[in-house]
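Quick notes on the structure that follows.
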Amino acid sequence: MLDALVEALKGSLSLVLPDIVLLATVAVVFFGAPFLTDERGRSEAGLRHRWSWLALAAVGFSGWLWYQSTPVEVGDGPFRLDGLAWFVRGLSLATLVVLLLVNWNQVPDGASAESIGSLLAIGAGVNLIAASNDLVYLFLALELVSIPTYLFLFLPRRDAAAQEATTKYFLLSAFSSGLVLFGMSYVFGVVGSTNLQVIGQALAAGQNGPLPMLLPVAAILLIAGLGFRITAVPFHFYAPDVFQGAGTSGAAMLSFVPKVAGFVALIRLLIPSGWMGPDAQTLANLTGPTVWWLAVITMFVGNLLAILQTDVRRLLAFSSIAHAGYMLVGFQIGRETHAGIDGIDALLFYLTVYGAMSLGAFAALIATSDESKRYETIDDLGGLSRTRPAVALLMTLFLFSMMGLPPTAGFLAKLNLFFAAWSQGTESGRWLAIFLAVNAAIAAWYYLRIIAAMYLREPAHAENRHQEPAASVAMACCALVVLGLFFAPDWLWRAISVVS
Amino acid sequence: MDISVYAILLYAGMVAGFVVVNLALTHLLSPNKRTAVKQMPYESGMDPVGDARQPFDVKFYIVAILFLVFDVELLFLYPWAVSAYIDDASGVPAGLRDTVFGVMLVFMATLAIAYVYAWRKGVFKWR
Amino acid sequence: MDGVGLEAYLIVGAILFGCGFACLLVKRNAIAILMGVELLLNGANLNFLAFARFTSLGLDGQVIGLFVIVLAAAEAAVALAIALNFYNNHLSIDVDSAKELKD
Numbered sequence: 149m150l151d152a153l154v155e156a157l158k159g160s161l162s163l164v165l166p167d168i169v170l171l172a173t174v175a176v177v178f179f180g181a182p183f184l185t186d187e188r189g190r191s192e193a194g195l196r197h198r199w200s201w202l203a204l205a206a207v208g209f210s211g212w213l214w215y216q217s218t219p220v221e222v223g224d225g226p227f228r229l230d231g232l233a234w235f236v237r238g239l240s241l242a243t244l245v246v247l248l249l250v251n252w253n254q255v256p257d258g259a260s261a262e263s264i265g266s267l268l269a270i271g272a273g274v275n276l277i278a279a280s281n282d283l284v285y286l287f288l289a290l291e292l293v294s295i296p297t298y299l300f301l302f303l304p305r306r307d308a309a310a311q312e313a314t315t316k317y318f319l320l321s322a323f324s325s326g327l328v329l330f331g332m333s334y335v336f337g338v339v340g341s342t343n344l345q346v347i348g349q350a351l352a353a354g355q356n357g358p359l360p361m362l363l364p365v366a367a368i369l370l371i372a373g374l375g376f377r378i379t380a381v382p383f384h385f386y387a388p389d390v391f392q393g394a395g396t397s398g399a400a401m402l403s404f405v406p407k408v409a410g411f412v413a414l415i416r417l418l419i420p421s422g423w424m425g426p427d428a429q430t431l432a433n434l435t436g437p438t439v440w441w442l443a444v445i446t447m448f449v450g451n452l453l454a455i456l457q458t459d460v461r462r463l464l465a466f467s468s469i470a471h472a473g474y475m476l477v478g479f480q481i482g483r484e485t486h487a488g489i490d491g492i493d494a495l496l497f498y499l500t501v502y503g504a505m506s507l508g509a510f511a512a513l514i515a516t517s518d519e520s521k522r523y524e525t526i527d528d529l530g531g532l533s534r535t536r537p538a539v540a541l542l543m544t545l546f547l548f549s550m551m552g553l554p555p556t557a558g559f560l561a562k563l564n565l566f567f568a569a570w571s572q573g574t575e576s577g578r579w580l581a582i583f584l585a586v587n588a589a590i591a592a593w594y595y596l597r598i599i600a601a602m603y604l605r606e607p608a609h610a611e612n613r614h615q616e617p618a619a620s621v622a623m624a625c626c627a628l629v630v631l632g633l634f635f636a637p638d639w640l641w642r643a644i645s646v647v648s
Numbered sequence: 362m363d364i365s366v367y368a369i370l371l372y373a374g375m376v377a378g379f380v381v382v383n384l385a386l387t388h389l390l391s392p393n394k395r396t397a398v399k400q401m402p403y404e405s406g407m408d409p410v411g412d413a414r415q416p417f418d419v420k421f422y423i424v425a426i427l428f429l430v431f432d433v434e435l436l437f438l439y440p441w442a443v444s445a446y447i448d449d450a451s452g453v454p455a456g457l458r459d460t461v462f463g464v465m466l467v468f469m470a471t472l473a474i475a476y477v478y479a480w481r482k483g484v485f486k487w488r
Numbered sequence: 004m005d006g007v008g009l010e011a012y013l014i015v016g017a018i019l020f021g022c023g024f025a026c027l028l029v030k031r032n033a034i035a036i037l038m039g040v041e042l043l044l045n046g047a048n049l050n051f052l053a054f055a056r057f058t059s060l061g062l063d064g065q066v067i068g069l070f071v072i073v074l075a076a077a078e079a080a081v082a083l084a085i086a087l088n089f090y091n092n093h094l095s096i097d098v099d100s101a102k103e104l105k106d
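Protein chains in written order, with the working numbering: chain G, 149 to 648; chain L, 362 to 488; chain F, 4 to 106.
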């Protein structure tokens, strides 16, 4: 029996090979970094591009390993490679490629190694969140995402605004880790195991231990702590400030990666894998209507406050809050659908599409700005269709997708969530679907304002010939996903069908 | 008398000898310049007289950060050290020892990389 | 060990958690907020250790405790570095003096 355990432990390392590759690259990058900069943190020009190429190669190798892997049965070991882990790993590796391209020219050469190393560590952290089969590993993976995030936000720009943004994000992120850990401690104590599989099964069987009243508290704490990561209202207030203050690549990363981390951790902790029947007890349905209210409030607050914004990043921050609300609809529906689309599947579809359109929008912002001039307000984007027609067109495409208009994948993503909520067959599910539709209509207003500024106003700035090839490539990739998933959504559905 | 008591006595003697020899050697070998700063009572680099609520020099924080990380990382070594080569149920199973040893080597290598990073970045220079 | 049971530890853990929470809401000093975070983490840690002591799964809880201590140190190190930079820029670690980002 002991030998079997030993073999299981040794075998579990092979489940996280792609992440080991990423982390080994991080070690190499941090080892090499100080030898290539002088005492004042300066280095030769172009170093950031070489580090980026190395990182791209590592992500490519990791992606190859990922492509070779297939989901396996979940065991007792510390890691797992089930459908969700497989899917999230693919998603986060693709995100890493886009973010590396977006970050291409955003950091000074002297700090590039640290920035790129942090990015790789964040990617590995997201993978490990999905791949962890144990409370300890889940928590450590969450921290592996958040600690490098502070560095990544801080390095590109060291002015007061960036520092303030980092400080705010740090304090709230550390706070949310505390909440999550406290929730985990109750789950551990009540169920008496750190293994997520065992916890899920014990809860489904109704084995609530000697202190069952701690379970709802634990679930609320977990939702609150992870709510910070996904910017659910009322845990959203840092997002606009941080998006505005951090560099554009930092804001791009923050708009998507913490959401993946948060939602995957929520699914892992609150909705155990494997269909256990509609009446099985999970941490999610112990909290009653909490998530329902969270979803509704997040949608409305995000959209209504976004209307008031004039700063593009703040607007995108509130829009990302609203999108978190839409995704929470899918989470609330969960796996309880009787007919039609599964809520979690719809969430994962939306998450993927949201990643493409959000990263694309930020890549467009980077492609239009040069070092002397950042595009800050909607007025700055005025007349972009004259000065940079291609960028304006792609930006419009991303905004259409965020609105949920065809022919973009955003349309299908919203439709899936709507049907998932509607076909649940309950009063509350129908209301969620209705609120979703109402909010999509509200959101159209502020997205259209940006598009109107780009196409109807006179150019706000003199002709800007600044070229950012890497960001343009990233933008094109995102546009390809946003368009491609509209015409061939089956491609993504096949990947998602592995999950459930 | 039990043999282990001799070991403890020997150890205590070595410790005392080490201290005495080192003190004597530094006293005999070191250059001895009596400047005003050197004659001051040692107070971790702070001015010993005056308001205690003065802000610390930034240099202390950097060393403190480094100490904090390395000191706490060593926590992981203790559980491994006490359980790695014990043959009863409380120890690491024999089949797993090599793996665990490898993991510890990787851990130490990671720490070494962090150390080299800090060293090359000039953290240990007192500027 | 008679008299002091699991509940007592859990209550102390919850009180630590409450103190940390209050610290975050009330304090305006970045370092003080960080102390609040440490209280949160240690409250959780106490829970883990208490559960480890009073249930059958001894080592699991202790190992988590170890990891949390190391993690708290890592966070504190990053926090000190950020606070240091913040201080150099604002000459204060009062978060209210950060007023660059207001809508």
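The beta-carbon is built from N, C-alpha and C at its ideal position, and this holds for glycine as well.
Please report the residue range of the alpha helix (DSSP H) in which residue i lies.
i	result
G/D527	G/D527 -> no alpha helix (DSSP H), and no H or E assigned at all.
G/K316	A308 to V339
G/D493	G491 to T516
G/A600	E575 to L604
G/S533	L532 to T535
L/Y476	R458 to R481
F/F51	A33 to F57
G/L433	The sequence as given places Asn at residue 433 of chain G; Leu does not occur at that position. Here the alpha helix (DSSP H) through G/N433 covers L431 to L434.
G/V412	T396 to L418
G/M623	P617 to F635
G/R377	L362 to R377
Determine the DSSP secondary structure at residue i, reduced to helix, strand or coil.
i	result
G/F227	strand
G/S280	strand
G/N661	Here chain G covers residues 149 to 648 and nothing more, so residue 661 of chain G does not appear.
G/D459	strand
L/W393	Strictly speaking, residue 393 of chain L in this sequence is Asn, with Trp absent from that position. It is coil, neither helix nor strand.
Buried or exposed for residue i, please, with buried defined as at least 16 other CB atoms from any protein chain shown within 10 angstroms of its CB.
i	result
G/Y298	buried
G/W201	exposed
G/E312	buried
G/E262	buried
L/N393	exposed
L/N383	exposed
G/M505	buried
F/L28	exposed
G/E155	exposed
G/P617	exposed
G/D389	buried
G/T556	buried
F/A86	buried
Does any heavy atom of the ligand SAM sit closer than 7 Å to the C-beta of residue i?
i	result
L/D412	In the structure on display, the ligand SAM does not appear, and there are no ligands present to speak of.
What does residue i touch in chain F if you count any residue whose Cβ is under 8 Å from its own?
i	result
G/I295	A77, E78 and V81
L/F436	Here residue 436 of chain L is Leu; the residue named in the question, Phe, does not match the sequence. Going along chain F in sequence order, the residues near L/L436 (Cβ under 8 Å) are L69, I72 and V73.
So which residues of chain F does residue i contact, with C-beta pairs closer than 7 Å?
i	result
L/V489	Residue 489 of chain L lies beyond the range of chain L shown here (362 to 488); nothing can be said about it.
L/L429	A76, A79 and A80
Can you pull the chain L residues whose beta carbon is under 7 Å from the beta carbon of residue i, in chain order?
i	result
G/L247	The contacting residues do not exist; G/L247 stays about 23 Å from chain L at best.
G/K158	T460
Cβ closer than 7 Å: which chain G residues qualify as neighbours of residue i?
i	result
F/L32	In the sequence as presented, Leu is not what sits at residue 32 of chain F; that position holds Asn. Correct list: empty, because the minimum Cβ distance to chain G is about 11 Å.
Just the chain G side, please: which residues come within less than 8 Å of residue i by C-beta, in chain order?
i	result
L/I474	A175, F178 and F179
For residue i, go through chain L and note every residue whose CB falls closer than 9 Å to its CB, in chain order.
i	result
F/A84	Y422, I423 and I426
In chain B, which residues lie with their C-beta within 9 Å of the C-beta of residue i?
i	result
F/L87	Going by chain labels, chain B is absent from the structure shown, which instead holds the protein chains G, L and F.
Contact between the region 43 to 53 of chain F and the region 8 to 19 of chain F: three or more CB pairs below 8 Å?
yes
For the region 623 to 633 of chain G against the region 544 to 564 of chain G, do three or more pairs of beta-carbon atoms, one drawn from each stretch, fall closer than 8 Å, so that the two count as touching?
yes
Between the region 281 to 298 of chain G and the region 244 to 258 of chain G, do three or more beta carbon pairs fall short of 8 Å?
The region 281 to 298 of chain G makes no contact with the region 244 to 258 of chain G; the number of CB pairs closer than 8 Å stays below 3.
Is there contact between the region 474 to 483 of chain G and the region 406 to 417 of chain G, where contact requires at least three CB pairs shorter than 8 Å?
yes
Cβ contact check for the region 172 to 189 of chain G and the region 237 to 250 of chain G: 3 or more pairs under 8 Å
no
Any 3 or more C-beta pairs closer than 8 Å across the region 19 to 26 of chain F and the region 212 to 226 of chain G
no
Would you be able to state if there are at least three C-beta pairs under 8 Å between the region 316 to 328 of chain G and the region 449 to 464 of chain L?
no
Below 8 Å, can you find three or more Cβ-Cβ pairs linking the region 633 to 648 of chain G to the region 489 to 501 of chain G?
yes
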